[in-house]
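Here is the structure we will look at.
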Amino acid sequence: TARSTSAILQLDESLQPPLYAKRGIVLVRGEGAWLYDSDGQRYLDLMSNYGVNILGHAHPRVTAAIVAQASRLLSCHQSFASDVRAAFLEKLLAVAPHGLSRAFLSNSGAEAVEAALKFAWAVTGRRKVVAAKRGYHGRTLGALAATGEPKYRQPFLAVLPEVVHVPYGDAAALAEAVDNDTAAVILEPVQGEGGIYPAEPGYLAEVRRITREAGALLVLDEVQSAFRTGAWFACEHAGVSPDLLCVAKGLANGVPIGATLMTEDVALALPAGVHGSTFGGNPLACAAGLATLETLEDDRLIPGAAELGLYFRQQLLALGHPLVRDVRGIGLMLGLDLKVRSTPVLKALQERGVLALPAGTTVVRLLPPLILSRDEVDLAVARIAQALDAVRE
Ligand code: PMP
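In this text, residue positions in the sequence shown follow UniProt numbering: the first is 2, and each later residue adds one.
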């Protein structure tokens with residue numbers, strides 16, 4: 002017999018370490034921009050599982066690719082070639098920023114960052130890394146060292162590699178920190194977890210110039226920003242190409258994947274055996290990734306995200322709500338900066354059938370699937386207004 006919702010919630014919580022603030026929902030199904038819980042209640046999804054379901058849930062083309070691949074070959078170690086891996090890499094590198102010609106495949110954002118840092122250390126023979134305050138790069142040891150949020154780093158400081166954190170957007174502070182011992186600078190072109198802060202015009206170009214001059218590599222972390230800012234990659238808005246670029250989340254629409262893209266120079270300087278992954282580049286993730294990239298292209302979802310994001314942002318600004326301090330972001334990576342804490346607003350939204358995310362303490366972060374319709378944006382804006390009103394009372 003089926004378990005009750007409360008029994009599932011209790012079991013789920015009691016069998017795992019208490020690392021997450023739970024939402025009290027059992028998700029059982031998703032379709033398009035909608036998620037359904039164990040009681041049949043539906044939610045408009047403005048978070049895409051932290052930016053993962055870029056094409057929404059159960060996208061037919063991705064599902065078909067997964068089913069076909071699962072019935073053919075699930076796993077294929079990278080010491081063997083794979084038809085679907087080759088096709089996926091060809092597609093990924095065809096849409097990649099200028100100069101990035103090879104990719105190392107792994108299984109998550111943090112893994113993509115770990116690989117980028119190891120590659121930078123291996124290629125330069127240098128040690129120091131410079132990153133940004135408020136930056137987020139994951140919670141494995143290398144990625145955690147680069148992450149700027151003190152609450153995540155503090156308990157592990159003693160075991161983390163050396164990383165210097167400078168204020169995001171301050172090119173002079175970065176220039177001061179980068180020296181001839183610097184292996185890499187790692188930044189998000191749009192800070193996500195930190196509160197949705199797009200790089201100011203000119204900042205990334207300046208960072209590119211500073212890293213070149215010092216012989217340090219530039220690593221851009223697009224784990225959250227890839228595909229959703231109205232360009233394939235957010236760094237395109239600045240006309241800047243990095244030496245290494247990290248992608249994950251949306252890349253296979255939900256099948257775990259990470260990719261570390263690199264220049265030919267970086268790739269050819271890497272000794273055999275310097276890094277590896279058993280699951281990395283597995284055919285299932287590659288098939289889902291290929292279908293995702295083809296759908297983004299064929300359905301014109303990259304320019305679509307620019308248009309819909311602009312509309313969404315305008316509608317939020319048009320609310321002129323007294324609790325809203327600022328609406329930031331680009332494409333469908335948006336942040337509603339509030340004059341109050343975001344947690345009660347997110348709760349009020351959830352009660353009204355809308356799922357969104359926090360960022361920092363006062364920001365409601367919106368990372369909706371790119372297949373969202375204008376009607377769904379209108380519904381989202383109406384619910385956000387209601388949630389803000391509810392919190393104000
Ligand atoms: N980099 C960025 C910019 C991210 O937003 C995240 C996840 N929020 C990560 C890295 C880490 O990705 P994962 O959780 O898949 O390890």
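For glycine and all other residues, C-beta sits at the position ideal for the given N, C-alpha and C.
None of these values were measured; they are calculated from a predicted model.
Cβ-heavy atom distance, residue i to the ligand PMP, below 8 Å
| i | result |
| --- | --- |
| Tyr44 | no |
| Gly196 | no |
| Lys340 | no |
| Glu150 | no |
| Arg229 | no |
| Ala121 | no |
| Val328 | no |
| residue 1 | In the structure as shown, the chain begins at 2 and stops at 394. Residue 1 is therefore absent and cannot be evaluated. |
| Arg353 | no |
| Thr141 | yes |
| Lys250 | yes |
| Tyr169 | no |
| Cys236 | no |
| Ala289 | no |
| His138 | yes |
| Val364 | no |
| Ala357 | no |
| Val114 | yes |
| Asp222 | yes |
Cα-Cα separation between residue i and residue j, rounded to whole angstroms
| i | j | result |
| --- | --- | --- |
| Val241 | Ala69 | 38 Å |
| Arg197 | Leu297 | Arg is not the amino acid found at residue 197; the sequence shown has Ile there. Those two C-alpha atoms are separated by around 23 Å. |
| Val224 | Gln192 | 10 Å |
| Leu302 | Asp266 | 32 Å |
| Ile331 | Ala3 | 43 Å |
| Gly25 | Pro369 | 21 Å |
| Ala232 | Gly251 | 14 Å |
| Asn254 | Ser49 | 9 Å |
| Leu367 | Ala184 | 34 Å |
| Val164 | Leu12 | 40 Å |
| Thr212 | Ala292 | 35 Å |
| Ala111 | Tyr312 | 32 Å |
| Ile258 | Arg353 | 32 Å |
| Glu115 | Pro19 | 25 Å |
| Leu106 | Glu189 | 19 Å |
| Val186 | Glu214 | 12 Å |
| Ser5 | Pro304 | 43 Å |
| His216 | Asn181 | Per the sequence shown, residue 216 should be read as Gly rather than His. Going by the C-alpha atoms only, they are around 7 Å apart. |
| Tyr21 | Glu14 | 9 Å |
| Gly33 | Leu75 | 26 Å |
Per-residue DSSP class, three states only, for residue i
| i | result |
| --- | --- |
| residue 1 | This structure cannot settle anything about residue 1, because the visible part of the chain is limited to 2 through 394. |
| Lys23 | coil |
| Cys77 | coil |
| Gly361 | coil |
| Arg103 | strand |
| Lys348 | helix |
| Ala185 | strand |
| Tyr153 | helix |
| Pro199 | strand |
| His138 | coil |
| Gly277 | coil |
| His238 | helix |
| Arg326 | strand |
| Gln42 | coil |
| Leu252 | helix |
| Ala113 | helix |
Residues bridged to residue i (per DSSP)
| i | result |
| --- | --- |
| Glu32 | Trp35 |
| Gly336 | Arg329, Arg366 |
| Cys247 | Asp222, Thr261 |
| His60 | BP columns for His60 are empty, so no partner. |
Cβ pair count under 8 Å reaching 3, the stretch 279–286 against the stretch 139–159: As far as the Cβ criterion goes, the stretch 279–286 does not touch the stretch 139–159, which means the pair count is below three.
At least three beta-carbon pairs within less than 8 Å, the stretch 147–154 to the stretch 80–96: Because the criterion of three Cβ pairs below 8 Å is not met, the stretch 147–154 and the stretch 80–96 do not touch.
Three or more C-beta pairs below 8 Å linking the stretch 123–135 and the stretch 93–113: A contact between stretches requires three or more CB pairs, one per stretch, nearer than 8 Å, and the stretch 123–135 fails this requirement with the stretch 93–113.
Cβ pair count under 8 Å reaching 3, the stretch 197–206 against the stretch 157–170: Output reads yes: the stretch 157–170 touches the stretch 197–206.
Given 8 Å, three or more beta-carbon pairs between the stretch 73–87 and the stretch 204–222: Segment contact: the stretch 73–87 against the stretch 204–222, fewer than three CB-CB distances shorter than 8 Å; contact not assigned.
Three CB pairs or more closer than 8 Å across the stretch 50–68 and the stretch 377–386: The count of Cβ pairs closer than 8 Å, one atom from the stretch 50–68 and one from the stretch 377–386, stays below three, leaving the stretches out of contact.
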